[in-house]
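Participant: Got a structure here, written out as structure tokens. Questions coming.
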Amino acid sequence: MFNYFFKRIVFGLLTIWFLITATFFAMHMIPADPLGGDKALPAEIKQNLQQYYGLDKPLPQQYVIYLNKILHGDFGYSYTQQNRRVNDIIREHFPVSALLGVMALSFASLGGILLGAITAHFRHRWPDALVMAIVIASISVPSFVFAALAQLAILGLNDLLERPLLPVAGWGSFSHILVPSMILGLGTLAYITRMMRANLIDVMKSDFIRTAHAKGLSQARIFWRHQLRNALLPVVTILGPAVAAVTTGGFVVEQVFAIPGLGRYFVQAVAQLDYTVIMGTTVFYGSFLVLMVVLVDLLYGLIDPRIRLAGTDR
Amino acid sequence: MTVRSASIPAVSAVDFELLEKPSTETSTVSAAPPRPTLFRALIRNPVTVFAATVVASVLLMTLLGPLFWSVDPARQNMAEISLPPIAKRSAQLVGYNRTWRGEHVPVSDSEFRPASELVAVTGLRTVQANTEGVRIAWQKIAGARTYHIFRHELEPSGPFDLGIPLGQVDAGQLYYEDRLGLQQKNYFYSVVAGDEREISKNSSMILVRPHPAISYWDAQLAGLIDENHQGIEGEVIELPAHPLGTDYLGRDIFARLMQGARTSLFIGLCAPFLFIGFGCVYGAVSGYLGGWVDHWMMRVVDFVIALPFLLFMILFKIMFGIGPGESGVLPMLIALVLLSWPDSARLVRGQVLQLREQAYVDAARLLGGSHAYIIRAHLLPNVASVLLVSFSFAIPAAIFTEAFLSFIGLGVVPPTPSWGSMCNDGIRTLLTHPHELLFPATMISLTVLSFNLLGDGLRDALDGRTSL
Amino acid sequence: MYQLLHRYPINPLAVYLFLCLFSSTLLAAAVDYEQQRIAIALTAEPPNLDSAKTTDSISILVLSHINEGLLRYDQQGDLTAAVALQWEMDDKQVRFQLRQNARWSDGQAVTAADFVHAWRRVVDPANASSYAFLMYPVKNARAINRGELPPSALGVKAVSDHELLVELERPCAYFFSLMAFPTYFPQRQDFVDAQGKRYAADANNLLFNGPFTLEQWVHGASLRLKKNPRYWDQKVIRLKQINIDHITSDTGALLNLFKNDEIAITDLGAETLQTALQSRLQMHKFPTGYLYFVRFNLRKGHLTSNRSFRRAMQAVFDAESYTNKVVARPGVLPGRSLFPKSVRGAKESFRHEHPLPAVEISLKKGRALLVQAKQELGLTDIPPLVLLTSDSPAALRHAEYLQNLFRMTLGLEIRLDRQIAKQFWAKEDDGEFDMTISGWGPDYDDAMTFGDLFASWNQNNRGQYRNADYDHWVEVAQNSLDAQTRMQAFDHMQKRISDDAVILPLFESALIYVQHPQLKGVARYRFGGDLNFRFAEVVKP
């Protein structure tokens, strides 16, 4: 048992090291000068800047310095925002992405479970067909198109009500999160709906539900206590990867709705070749992902001994 | 969200592999000769048939479309920018008379008066009005230092609603020629007198509807007339039809959609084919060899899975770079393959591991079957159906990835169009020229939808439980 | 559905709470007359509010509200007194008398020593300021930046608390215009030293001497500017608060915000113009003084180093038709000269005083020049050319247009090389292109900001145009303080650039913007931070 946990953790750390190395060299292979600008700089200024950021040293040395810094939990200073530490950037902007992600996921799970229940209940009748059609169609539209359309819809709604009910973009209050998180959660919602529907239909056919009916339990009680609970279990298992995916995947929504999340920072950093921010964000997100996977593995290991055996790969 | 939505099932499918072991085992084994039943199951499902039809017609359009609609997708026409769907129509050829001079009058500095004292301009009239230029002129009013020209597309409702500020001229000039993006619709021109800083509240307005025209220069560039064309001013030529309208450079959207389909479908089909192929071989080798080789090969898979997909997609895209004249399809393909193969590798390895345990495989081996025979006769048929499903889900994911990269400006390089980049161009003019977004977005959605439905149909047909 | 609700009861409290969350959203209006408060949006987060190091327009916009240099621009864009009360200049030195009542936001006086400290910080190589070259007119600045002299050798001296003496490297006609640029703003030593590397990282790491103070800065999300009660000229400042609650560059989103009454002013893109028109919004325009042009590579080995070849392309590019139909933004002028129309001449606009005749646009002439170029180059066919562009949608649009234009007119094959901004600049610097789509905006209020662009020693001369005659006229303009002589020199330069087709001017940019009708007195500048609310106020509805 301990051996398995230990292995998972060591392996997680190894993965993160691999991630750091891969990102570091991938980034330095990009043929451009991160310190360049639209105005050509005199040689001496370029040199000063290179010294300032330690870019004048040979690449292996830079790599060692960087690793050493990361071991001390320091991602360095940003190139574009010269007086801000990458640690601060992550600390300030990750919670935004995370909140958006959590909201999206809550929307997706609640909505998905509800829709799944509706479709399963009305199986092969028109509400089922309608909901499924909408769900499948909605994940077939590129998210940036959807986001732009949603923005227009808000504007139309406000025009119709003749008062600003919802903000068009920005960040700061609950009303700012509402629409973006819905759009972000749509894909997961569709997935959960389909899973929920399939699970519920399976559960409905099973013996213990028939027994419950026979016992004379009320429809509502059977649904809440038996059907829903049993159908939910598999859904819970996908939440781990979904958290990571939703949190790291908010670029588009953050861009369109002007939300100061880490995803938007990453896209900007790439355009600016802001080495330290690119590195910091990638390493952070990568570690987050690895952590999630290891955590889920460990949890499963605790819950289900079969997995632990399979996990050791014989 | 879109890209992710496809990646979640992929991740979780692996998780389920272990949980659902008994059911998959029975289903895959019982479906030993899968092909004929699979096909029959597929055509029994009307949704699948619909999806297959859409996919087939999109492919057909891409391959055969240019035979029927032989418009050059790269040809620009400055006289037809951002037009909605439009039929053939005629336009007047006009010369390129750049130095139109109207009436100039002498003015002296002493007569200028503040804006608040200025009256409305009189004698406002149209001298000429076609889509190559609207010429208006007016009479001098006393005390004006400047005249400001505005253009509206709705009837002005007050002194602050005069529309686009086109420009201003000094007091001596009593005319203006507007050539700014003119189309064949009603324009309300207003001329207001002003002092150095402010304008009067009294304006004069004139309604002008330019008639369609095209300059010699534009007609030549668009290949509508011969370059030695000796036309007379005012000669009428025919402008081509555009069934889906034109884009911001006057290019035919229908032709571009067909060419863009090639890019999008190439990426959408090639990338999954390549990474599933690679993953397949990798997984098979790993599972078949087993032992420490398998162990380490799976560690590599875990490494690659740990890379955040979109982040690395962006990084790789930039790292590989796009040389001059290249479309950038290849780097995108490489990046996609590099990041997407592990899922199918794990899937195939799982299948191989299961099969190794099967009695009939042992029997085949005992009977002297070679590795190649076992792989061909037992492994492939079993794995093929699973791969087919993941293939059909990988296609929409790849198409979405291309669209996403285009959205953040890392898509294919113009003039090569793709649906994603066309959407990205169109999204900015969503309100004014919705057709520029509508058509490519519809194509993406329709194709993605069809492949998703096709995947569902395949899975249902393969799966014992057809409840989904 | 009714059946479903009936069977699975939903908690009414939950429904109520949900509705509450929905309706409790109270949005602040874009302008508030009582509070004299406005809300605006920025297109990006200000990357660096350290005035000694900053380079970008967003930071400069914010800095020009919260800090102030020796001089500043008035509402018409003319230089006027700020911290300096009086100033005089000769060929060798400049003397500034500082006002006694200029204060930092913590109450201490702004002194000459604060300028000396800030300027030394700019040129100190250890600080690696990208814009240190703006300080080069000051004596020894370059040598210090190269590490050859200590920062204390900089030619600036605090004669007393309120008198500053600057020694110049050479005569500099536009030196005063530089004084309004943030690189020359004051910084107080004790405060900067106390903040260390975190100086200007957050609102509380900054000290202000401008009309506003930065009260709050939530990175990437919002900034709050408040009127500075200690500002020496605070009685003319009407606005009490500026809220920046939105940071986005999406012109569609910005217009939506404006229409939703969440921001009081925003620029329109070519795309959103039509929407604004349909919504009957009052539009204003402002020429930014930016020139966009095609830069030719004149390095040896590039076809574009042949003058006839460049002139052939010049002869088939019709800037007017292009500007009107493709750029299609009101106020944008077709490119013609190196010097945009907004550049000042001796008295009026430089272009008004020295008009440049238009180049004749003709297919016949273009093709004749191409034949001549082929002969001179000894080629029968012209190999493909590389057009380098950045990945901005606008630049790509120009590139696509030119690609088609030169294909249809001269039969040239143009290959696009699209790169992200940093790679674009790296390639442009290294000369890896035949043509690029470039732009240049004025840094200071003098024609020299464009004029010395093509001097053979200028590093921004990325196409490496080398012409002794041109260099001569640049030197004439640089070493003179006489307006007439200088304007003559600039006229020679613009003719040279046009005759040699060193660049292909595309267009002179302009902004179209919408502004809340209650918001008055907004100033727009071509340099030193566009969009200034110093004179702004909210009038009665």
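Sequence lines, in order, name chains G, Z and V.
So the first sequence is numbered by the working numbering: it starts at 1 and just counts up by one.
So the second sequence is numbered by the working numbering: it starts at 1001 and just counts up by one.
So the third sequence is numbered by the working numbering: it starts at 2001 and just counts up by one.
C-beta atoms are modelled at their ideal positions from N, C-alpha and C, and glycine is treated no differently.
At the 8 Å Cβ level, is residue 2295 of chain V part of the contact set with chain G, yes or no?
Facilitator: As a working mapping, residue 2295 of chain V is identified with position 295 in the third sequence. Judged by the 8 Å Cβ criterion, residue 2295 of chain V is not in contact with chain G.
Participant: If you follow the beta strand (DSSP E) that residue 1130 of chain Z is part of, which residue opens it and which one closes it?
Facilitator: Residue numbering aside, residue 1130 of chain Z sits at position 130 when the second sequence is read from its first letter. That run of the beta strand (DSSP E) goes 1125-1130.
Participant: If you compare alpha carbons, which of V/2313, V/2522, V/2519, V/2144 is closest to residue 2369 of chain V?
Facilitator: For the purposes of this step, residue 2369 of chain V is identified with residue 369 of the third sequence, where counting begins at 1. Cα-wise, what sits closest to residue 2369 of chain V is V/2313.
Participant: So, at 7 Å on beta carbons, what are the nonlocal neighbours of residue 2039 of chain V in its own chain, with the 5 sequence-adjacent residues on each side left out?
Facilitator: Residue numbering aside, residue 2039 of chain V sits at position 39 when the third sequence is read from its first letter. Cβ within range, chain order: 2028, 2030, 2243, 2245, 2262, 2263, 2264.
Participant: Taking the alpha carbon of residue 2532 of chain V as the reference point, which residue from V/2539, V/2524, V/2538 has its own alpha carbon closest?
Facilitator: Locating residue 2532 of chain V in the third sequence gives position 532, counting from the first residue. Closest by alpha carbon: V/2524.
Participant: Suppose the cutoff is 8 Å on Cβ atoms and the five residues either side in sequence are ignored; what does the same chain contact list for residue 1049 of chain Z look like?
Facilitator: Your numbering for residue 1049 of chain Z matches position 49 in the second sequence. So the qualifying residues of the chain are 1042, 1043.
Participant: At a CB distance below 8 Å, what residues from the segment 275-287 of chain G approach chain Z? Give them in sequence order.
Facilitator: Hits within the stretch, in order: 278, 281, 282, 285, 286.
Participant: Does the separation of the CB atoms of residue 51 of chain G and residue 2082 of chain V fall below 8 Å?
Facilitator: Along the first sequence, read from residue 1 onward, the residue named residue 51 of chain G stands at position 51. Along the third sequence, read from residue 1 onward, the residue named residue 2082 of chain V stands at position 82. Not in contact: residue 51 of chain G and residue 2082 of chain V (Cβ atoms no closer than 8 Å).
Participant: Within 8 Å (strictly less), CB to CB, does residue 2530 of chain V reach chain Z?
Facilitator: Within the third sequence, residue 2530 of chain V is the residue found at index 530, counting from 1. Residue 2530 of chain V does not count as touching chain Z.
Participant: Residue 2442 of chain V versus chain G: which residues are under 7 Å apart at the beta carbon?
Facilitator: For this step, residue 2442 of chain V is matched to residue 442 along the third sequence. Residues of chain G passing the Cβ test: none, with the nearest at roughly 12 Å.
Participant: Let's see if you can read the secondary structure: which residues bound the alpha helix (DSSP H) around residue 1336 of chain Z?
Facilitator: Here residue 1336 of chain Z corresponds to residue number 336 of the second sequence, with the count starting at 1. First-last of the alpha helix (DSSP H) with residue 1336 of chain Z: 1329-1357.
Participant: Output yes or no for whether 8 Å exceeds the beta carbon distance between residue 1365 of chain Z and residue 1374 of chain Z.
Facilitator: The residue given as residue 1365 of chain Z occupies position 365 in the second sequence. The residue given as residue 1374 of chain Z occupies position 374 in the second sequence. A contact, by the Cβ cut-off of 8 Å.
Participant: Taking Cβ to Cβ, would you say residue 1182 of chain Z is nearer than 8 Å to residue 2326 of chain V?
Facilitator: Translated into positions along the second sequence, residue 1182 of chain Z becomes position 182. Translated into positions along the third sequence, residue 2326 of chain V becomes position 326. No.
Participant: Any beta-carbon of chain Z closer than 8 Å to the one on residue 18 of chain G?
Facilitator: Within the first sequence, numbered from 1, the residue matching residue 18 of chain G stands at position 18. At least one chain Z Cβ lies under 8 Å of residue 18 of chain G.
Participant: State the Cα-Cα distance for the pair residue 1148 of chain Z and residue 1204 of chain Z, rounded to the nearest angstrom.
Facilitator: Counting from 1 along the second sequence, the entry for residue 1148 of chain Z is found at position 148. Counting from 1 along the second sequence, the entry for residue 1204 of chain Z is found at position 204. If you take the alpha carbons of residue 1148 of chain Z and residue 1204 of chain Z, they lie about 11 Å apart.
Participant: Can you give, in chain order, each stretch of the alpha helix (DSSP H) that sits fully within the segment 2027-2078 of chain V and has at least 4 residues?
Facilitator: 2057-2066, all fully within the segment 2027-2078 of chain V.
Participant: Residue 2389 of chain V CB to nearest chain G CB: under 8 Å?
Facilitator: Here residue 2389 of chain V refers to the residue found at position 389 of the third sequence. No, residue 2389 of chain V does not count as interfacial toward chain G.
Participant: Hey, residue 2088 of chain V and residue 2095 of chain V: beta-carbon distance below 8 Å or not?
Facilitator: Indexing the third sequence from 1 puts residue 2088 of chain V at position 88. Indexing the third sequence from 1 puts residue 2095 of chain V at position 95. Yes, the pair counts as a contact, with Cβ atoms nearer than the cut-off.
Participant: Locate the beta strand (DSSP E) running through residue 1136 of chain Z, then write down its first and last residues.
Facilitator: Taking the second sequence and counting its residues from 1, the one referred to as residue 1136 of chain Z is at position 136. Residues 1133-1137.
Participant: What is the rounded straight-line gap between the Cα of residue 1330 of chain Z and the Cα of residue 2241 of chain V?
Facilitator: Numbered from 1 along the second sequence, position 330 holds the residue referred to as residue 1330 of chain Z. Numbered from 1 along the third sequence, position 241 holds the residue referred to as residue 2241 of chain V. If you take the alpha carbons of residue 1330 of chain Z and residue 2241 of chain V, they lie about 52 Å apart.
Participant: Can you give me, in chain order, the residues of the segment 1369-1393 of chain Z that have a beta carbon less than 7 Å from any beta carbon in chain G?
Facilitator: Listed by position, the residues of the segment 1369-1393 of chain Z near chain G (Cβ gap below 7 Å) amount to none.
Participant: Mind checking whether the beta-carbon of residue 2304 of chain V lies closer than 7 Å to any heavy atom of the ligand ADP?
Facilitator: The model on display carries no ligand, and the ligand ADP is accordingly not part of it.
Participant: Could you spell out where the beta strand (DSSP E) holding residue 2098 of chain V opens and where it closes?
Facilitator: Looking up residue 2098 of chain V in the third sequence gives position 98. Looking at the DSSP string, the run of the beta strand (DSSP E) that includes residue 2098 of chain V is 2093-2098.
Participant: Report the start-end ranges of each alpha helix (DSSP H) in the segment 118-167 of chain G that is 4 residues or longer and not cut off at the edges.
Facilitator: Fully enclosed alpha helix (DSSP H) runs of 4 or longer: 126-138, 143-161.
Participant: Give the residues of chain Z in contact with residue 137 of chain G, contact being defined as C-beta atoms less than 7 Å apart.
Facilitator: Numbered from its first residue, the first sequence carries residue 137 of chain G at position 137. The answer, in chain order, is 1449.
Participant: Do residue 2280 of chain V and residue 1336 of chain Z count as a contact pair if the criterion is CB distance below 8 Å?
Facilitator: Against the second sequence, residue 1336 of chain Z aligns to sequence position 336. Against the third sequence, residue 2280 of chain V aligns to sequence position 280. No, Cβ-Cβ distance for residue 1336 of chain Z and residue 2280 of chain V is not below 8 Å.
Participant: Which residues, taken in chain order from the segment 88-108 of chain G, show a beta carbon closer than 7 Å to some beta carbon of chain Z?
Facilitator: Those would be none; no residue qualifies.
Participant: Whole angstroms is fine: what's the gap from residue 2139 of chain V's alpha carbon to residue 2476 of chain V's?
Facilitator: Looking up residue 2139 of chain V in the third sequence gives position 139. Looking up residue 2476 of chain V in the third sequence gives position 476. Rounded to the nearest angstrom, the two C-alpha atoms are 20 Å apart.
Participant: Counting only beta-carbon separations shorter than 8 Å, does residue 5 of chain G have a partner in chain Z?
Facilitator: As a working note, residue 5 of chain G is residue 5 in the first sequence. Output row for residue 5 of chain G: interface = no.
Participant: At a Cβ threshold of 8 Å, is residue 2250 of chain V touching chain G?
Facilitator: As a position in the third sequence, residue 2250 of chain V is number 250, starting the count at 1. Yes, because at least one Cβ of chain G sits closer than 8 Å to the Cβ of residue 2250 of chain V.
Participant: Taking 8 Å as the cut-off, does the segment 2195-2205 of chain V touch the segment 2107-2114 of chain V (at least 3 CB pairs, one atom from each stretch)?
Facilitator: No, because fewer than three Cβ pairs between the segment 2107-2114 of chain V and the segment 2195-2205 of chain V fall closer than 8 Å, the two stretches do not touch.
Participant: Residue 256 of chain G touches chain V at which residues, Cβ-Cβ below 8 Å?
Facilitator: As a first step, residue 256 of chain G is located in the first sequence; it is residue number 256 there, counting from the start. Ordered by position in chain V, the residues that pass the 8 Å Cβ test against residue 256 of chain G are 2250, 2253.
Participant: Quick one: Cα of residue 1403 of chain Z to Cα of residue 2406 of chain V, how far?
Facilitator: In the second sequence, counting from the first residue as 1, residue 1403 of chain Z sits at position 403. In the third sequence, counting from the first residue as 1, residue 2406 of chain V sits at position 406. In a straight line, the C-alpha of residue 1403 of chain Z is about 30 Å away from that of residue 2406 of chain V.
Participant: Tell me which residues share the same chain as residue 1087 of chain Z and place their Cβ nearer than 6 Å to its Cβ, disregarding the 5 neighbours each side in the sequence.
Facilitator: Stepping through the second sequence from its first residue, residue 1087 of chain Z is reached at position 87. Same-chain partners within the cutoff: 1241.
Participant: Tell me the residue span of the beta strand (DSSP E) that contains residue 195 of chain G.
Facilitator: One-based indexing of the first sequence puts residue 195 of chain G at position 195. From DSSP, residue 195 of chain G is part of no beta strand (DSSP E) but of the alpha helix (DSSP H) over 174-205.
Participant: Quick one, which residues of the segment 137-151 of chain G are near chain Z if we go by CB-CB under 7 Å, in chain order?
Facilitator: Correct list: 137, 139, 140, 141, 142, 143, 144, 145, 148.
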